[in-house]
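The next block holds one structure in the form of structure tokens; read it before the comments.
Number of protein chains: 2
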Amino acid sequence: MRPLSIEELSPFLSSPDADAMNFLNEIALRFPDAISFAAGRPYDEFFSSELIHRYLDTYRAHLLAESGDDEVHVRRMLLQYGRTKGIINDLIAKSLLVDEDIDVDPESIVVTVGAQEALYLVLRALRRTDHDVVLSVQPAYVGFSGAAQLADMQVLPVSSAPEGVRLSDVRAILRQSRAAGLNPRALYLNTDFANPTGRSLDIATRHRLLRLAEDEQILLIEDNPYGVFSGDRESVPTLKALDGSGQVVYVGSFAKTVFPGARVGYVVADQRVVAAGRTELLADHLAKLKSVLTVNTSPIGQAVIAGKLLENGLSMRAANKREIEVYQRNMRLVLNGLAAAFPKGESPDVSWNVPGGGFFLLLDVPFETGDDVLERSARDHAVLWTPIHHFYGDGRPRKQMRLSFSHLSPAEIHEGLGRLADFIRA
Amino acid sequence: MRPLSIEELSPFLSSPDADAMNFLNEIALRFPDAISFAAGRPYDEFFSSELIHRYLDTYRAHLLAESGDDEVHVRRMLLQYGRTKGIINDLIAKSLLVDEDIDVDPESIVVTVGAQEALYLVLRALRRTDHDVVLSVQPAYVGFSGAAQLADMQVLPVSSAPEGVRLSDVRAILRQSRAAGLNPRALYLNTDFANPTGRSLDIATRHRLLRLAEDEQILLIEDNPYGVFSGDRESVPTLKALDGSGQVVYVGSFAKTVFPGARVGYVVADQRVVAAGRTELLADHLAKLKSVLTVNTSPIGQAVIAGKLLENGLSMRAANKREIEVYQRNMRLVLNGLAAAFPKGESPDVSWNVPGGGFFLLLDVPFETGDDVLERSARDHAVLWTPIHHFYGDGRPRKQMRLSFSHLSPAEIHEGLGRLADFIRA
Numbered sequence: 001m002r003p004l005s006i007e008e009l010s011p012f013l014s015s016p017d018a019d020a021m022n023f024l025n026e027i028a029l030r031f032p033d034a035i036s037f038a039a040g041r042p043y044d045e046f047f048s049s050e051l052i053h054r055y056l057d058t059y060r061a062h063l064l065a066e067s068g069d070d071e072v073h074v075r076r077m078l079l080q081y082g083r084t085k086g087i088i089n090d091l092i093a094k095s096l097l098v099d100e101d102i103d104v105d106p107e108s109i110v111v112t113v114g115a116q117e118a119l120y121l122v123l124r125a126l127r128r129t130d131h132d133v134v135l136s137v138q139p140a141y142v143g144f145s146g147a148a149q150l151a152d153m154q155v156l157p158v159s160s161a162p163e164g165v166r167l168s169d170v171r172a173i174l175r176q177s178r179a180a181g182l183n184p185r186a187l188y189l190n191t192d193f194a195n196p197t198g199r200s201l202d203i204a205t206r207h208r209l210l211r212l213a214e215d216e217q218i219l220l221i222e223d224n225p226y227g228v229f230s231g232d233r234e235s236v237p238t239l240k241a242l243d244g245s246g247q248v249v250y251v252g253s254f255a256k257t258v259f260p261g262a263r264v265g266y267v268v269a270d271q272r273v274v275a276a277g278r279t280e281l282l283a284d285h286l287a288k289l290k291s292v293l294t295v296n297t298s299p300i301g302q303a304v305i306a307g308k309l310l311e312n313g314l315s316m317r318a319a320n321k322r323e324i325e326v327y328q329r330n331m332r333l334v335l336n337g338l339a340a341a342f343p344k345g346e347s348p349d350v351s352w353n354v355p356g357g358g359f360f361l362l363l364d365v366p367f368e369t370g371d372d373v374l375e376r377s378a379r380d381h382a383v384l385w386t387p388i389h390h391f392y393g394d395g396r397p398r399k400q401m402r403l404s405f406s407h408l409s410p411a412e413i414h415e416g417l418g419r420l421a422d423f424i425r426a
Numbered sequence: 427m428r429p430l431s432i433e434e435l436s437p438f439l440s441s442p443d444a445d446a447m448n449f450l451n452e453i454a455l456r457f458p459d460a461i462s463f464a465a466g467r468p469y470d471e472f473f474s475s476e477l478i479h480r481y482l483d484t485y486r487a488h489l490l491a492e493s494g495d496d497e498v499h500v501r502r503m504l505l506q507y508g509r510t511k512g513i514i515n516d517l518i519a520k521s522l523l524v525d526e527d528i529d530v531d532p533e534s535i536v537v538t539v540g541a542q543e544a545l546y547l548v549l550r551a552l553r554r555t556d557h558d559v560v561l562s563v564q565p566a567y568v569g570f571s572g573a574a575q576l577a578d579m580q581v582l583p584v585s586s587a588p589e590g591v592r593l594s595d596v597r598a599i600l601r602q603s604r605a606a607g608l609n610p611r612a613l614y615l616n617t618d619f620a621n622p623t624g625r626s627l628d629i630a631t632r633h634r635l636l637r638l639a640e641d642e643q644i645l646l647i648e649d650n651p652y653g654v655f656s657g658d659r660e661s662v663p664t665l666k667a668l669d670g671s672g673q674v675v676y677v678g679s680f681a682k683t684v685f686p687g688a689r690v691g692y693v694v695a696d697q698r699v700v701a702a703g704r705t706e707l708l709a710d711h712l713a714k715l716k717s718v719l720t721v722n723t724s725p726i727g728q729a730v731i732a733g734k735l736l737e738n739g740l741s742m743r744a745a746n747k748r749e750i751e752v753y754q755r756n757m758r759l760v761l762n763g764l765a766a767a768f769p770k771g772e773s774p775d776v777s778w779n780v781p782g783g784g785f786f787l788l789l790d791v792p793f794e795t796g797d798d799v800l801e802r803s804a805r806d807h808a809v810l811w812t813p814i815h816h817f818y819g820d821g822r823p824r825k826q827m828r829l830s831f832s833h834l835s836p837a838e839i840h841e842g843l844g845r846l847a848d849f850i851r852a
């Protein structure tokens, strides 16, 4: 075979998103001694390989005791081909009720290979023609625009705002895109401690957004991987918990609350779909797409998640009590460290926001944060962070960086912030 | 939200393929007491939940002993985010050498969520515009046309033949499609004990097909989930083993050789891709697509597969010695049972082929095998099989059915064939 040209392959492979992922992975490998405020990984000091065994056994025991299944049935459930929609849907539904006051039929849930597959399935289902487009609060999780490109769906950016999302902007873009003959189907957003901004929607904005979505008959794709990491403060209800009219498709992840390595996420899609006079759930249609994409989500991975749920009263908030303390402590250390390094009045060009939880915050700096600047930071100061332009997908450098503090120790934060301050002042 | 109409969703969801999967799953659930010659599941009497623990521990011990990794590193490898291309690529490469005499760089392998994700990734990478099309030997695995629809890639059917594939037909379709302005990129096929025909390519056809692919500069997507189930006879080399010029993208599965529930497959894509003067492997580009589809394949699932490989000298043929005996025995029982039920000369309208291995054979019957006919077979005779039209994706009934014998006991085969013969003669 003659060498293929990139020009013969999917346009995605020539896009900035495809290279962004690569560049960010590769720079971490090239500078292994750098302290990384870049990776959005969960804290893993409490991880242990033994937990895989324990959680599997907990779920097996549950199946044998509670469901009246025999060993042969349990073995088949874990090891044979299984239901496309998933096998732990009932436990996920109960957990959503316990943690989020979200009350849904387990049949409206599809268990997916991480939240990433859920995003793709939702977009692929909603994409009928080139006219179908999706709105996304920007800056946004880079995996969302990647999934949209894979689903051949154009993304229309909507401005982020201190209240979470600028609703006037949503209305304007809906109006403009419709005038241009497009068919906006949904708005994508993180409601709590968003990636990369750390911002959350306030309660008034949530109610207004739901009303807007109902008026405009668009779906809201609520992607909520960080919601449980809210510390002590009273948490604001998710859009899905407030969703009286079925506007919200809710995407969840166990990558941050259990193990990324289980590769288990899910989507709640309780919207009705009418086909040939019959009414089905949108979840049933997502499952049809999944059946030709990944067939089903590994029941072994699902069993690991189920074991952790069962050992913690079906509450991911309870299961992550220690981790939440670490994330809150780390955020305090980063905020205090930044305040010490850039005292008020002395560093007018350096500022940052104060999220209520999650893994991230944004740091405004007096220079553009291109990939070349990150390279210099890694090489000369041994500290990594994420240039904000990767979350816009347009390659245009801006004067901002994302700092992630989820997986660092206090000593690493202290040392890392020292290096970062030196770099910023250099 | 008002109910959505199926007309607003992806055209795939209105296609026969989407309904086929549903119908076939649902009929098995509605008639739980029917004996099923329909399901293509591996034999599971040797499965045990304990094996998950054992294989995980075997791989952990291997990492600690062989790779010099410490416990923290191993824990992170299994439970944190991981390399998109996979973590067991070296073991898969060694296994391909041991079992198939396929010699490839581990870097040309991407570990996928089953072979299904591999098929989608390959098609999605090769699809640049509407003009890019793929040829497929038909009848074919229903998941292939599903993946092609998801990747928005038109499938041009090529005739199956006793020698595996009709090469004159391949040439004619290439010529015609190019004359129509299309850009045929690849031909998809099972080389050994194909689903649903049970047919294998003979060695001469393999050599001719490779030459044809090189002359025509198309890729061959060799999907080989059944190749190891060949019994005692000398096995014919895979296309990939004979591939001197890089025409073959090889897709493998551990669903049949280890556990479907691990959801682990892989693709070997050692073709070169030139981008901006740099040469990369096609596998690198498949990994970029994968990073926005499922991020990475569960390392827990990969570890289970690795454990079984390590315990069996990296040979899936060795690991499946008992299973191969079962499949060969079951095929003999089905062939003998059919010969007894439909003696030569007395039943000229009923005939079948004699595969050299695998899970399937085709049965020709004197009536069209529509879904309504299957329904009657299930209801009145408690026996299930697969109507052949599902493997053509056109809904047109033909006088043929697929019989799968992989997961049945001798008693079930005996009883099931009795019911099937009664049904056919009814």
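So the protein sequences, as listed, match chains A and B.
In terms of this note's numbering, the first sequence opens at residue 1 and continues consecutively.
In terms of this note's numbering, the second sequence opens at residue 427 and continues consecutively.
By construction, the Cβ of each residue, glycine as well, lies at the ideal position given by its N, Cα and C atoms.
Excluding sequence positions up to five before and after L212(A), its CB lies within less than 8 Å of the CB of L167, V170, R171, all in the same chain and listed in chain order. Under the Cβ criterion of 7 Å, V530(B) is not counted among the residues facing chain A.
Taking C-beta separations shorter than 8 Å and ignoring five residues to either side along the sequence, the partners of R396(A) in its chain run H389, following chain order. In the three-state reduction of the DSSP assignment, S351(A) falls in the strand class, which pools E and B. In this chain, Q328(A) is not harboured by any beta strand (DSSP E); it is covered by the alpha helix (DSSP H) spanning 321-341.
In the structure shown, Q697(B) falls within a coil segment according to DSSP collapsed to helix, strand and coil. For E434(B), the C-beta contacts it makes with chain A under 7 Å involve R128, in order along the chain. At a Cβ-Cβ threshold of 7 Å, A577(B) and R554(B) do not count as neighbours. Within the region 444-463 of chain B, the residues whose Cβ lies closer than 9 Å to any Cβ of chain A are, in chain order, A444, D445, M447, N448, N451. In this structure, the CA atom of R601(B) is about 10 Å from the CA atom of N609(B). Taking C-beta separations shorter than 8 Å and ignoring five residues to either side along the sequence, the partners of S160(A) in its chain run V137, Q138, P139, R166, A194, T197, R199, following chain order. Taking a Cβ-Cβ cut-off of 8 Å, the neighbours of Q673(B) in chain A comprise M1, given in sequence order.
Chain A has a Cβ within less than 7 Å of the Cβ of K714(B). Within the same chain, and ignoring the five residues on either side of P583(B) in sequence, the residues whose Cβ sits closer than 7 Å to its Cβ are S562, Q564.
Around the Cβ of R456(B), a 10 Å sphere holds fewer than 16 other Cβ atoms; the residue is exposed.
In the structure shown, D558(B) adopts extended strand secondary structure according to DSSP, grouped into three states. Distance from the CA atom of A460(B) to the CA atom of F849(B), rounded to whole angstroms, is 13 Å.
Each of G358(A), S315(A), F367(A), L310(A) was checked against the Cα of H62(A), and the nearest Cα belongs to L310(A). Taking 7 Å as the threshold, the shortest C-beta distance from E749(B) to chain A does not fall below it.
For the pair of segments examined, the region 111-125 of chain A was found to touch the region 250-263 of chain A: the number of CB pairs separated by less than 8 Å reaches three. Considering only E45(A), E71(A), Y188(A), the residue with the shortest C-alpha distance to G143(A) is Y188(A). Shortest Cα-Cα distance from D19(A) to any of L293(A), S145(A), P225(A) involves S145(A). If you draw a 10 Å sphere on the C-beta of S230(A), you find 16 or more other C-beta atoms in it, and that means buried. Going by beta carbons, A275(A) and I839(B) fall outside the 7 Å limit. Where F786(B) is concerned, the enclosing beta strand (DSSP E) starts and stops at 786-790. With contact defined as three or more Cβ pairs closer than 8 Å, the region 370-384 of chain A and the region 333-346 of chain A are not in contact. D372(A) is outside the set of residues whose beta carbon lies under 7 Å from a beta carbon in chain B. Look at the region 16-79 of chain A and you find these whole runs of alpha helix (DSSP H), each 4 residues long or longer: 16-30, 49-66, 71-79. If you look at I413(A), you'll find it in the alpha helix (DSSP H) that goes 410-425. Under the three-state reduction of DSSP, R376(A) is assigned to helix. Here V690(B) carries a coil assignment [DSSP, helix/strand/coil]. Excluding sequence positions up to five before and after S36(A), its CB lies within less than 7 Å of the CB of A28, L384, all in the same chain and listed in chain order. Comparing alpha-carbon positions, the option among S741(B), E452(B), K716(B) lying closest to D527(B) turns out to be S741(B). For F12(A), the closest of L417(A), Q149(A), A179(A) by C-alpha to C-alpha distance is Q149(A). Interface with chain B (7 Å Cβ-Cβ cutoff): F405(A) is excluded. Taking C-beta atoms as the reference points, G307(A) and Y55(A) count as a pair closer than 7 Å.
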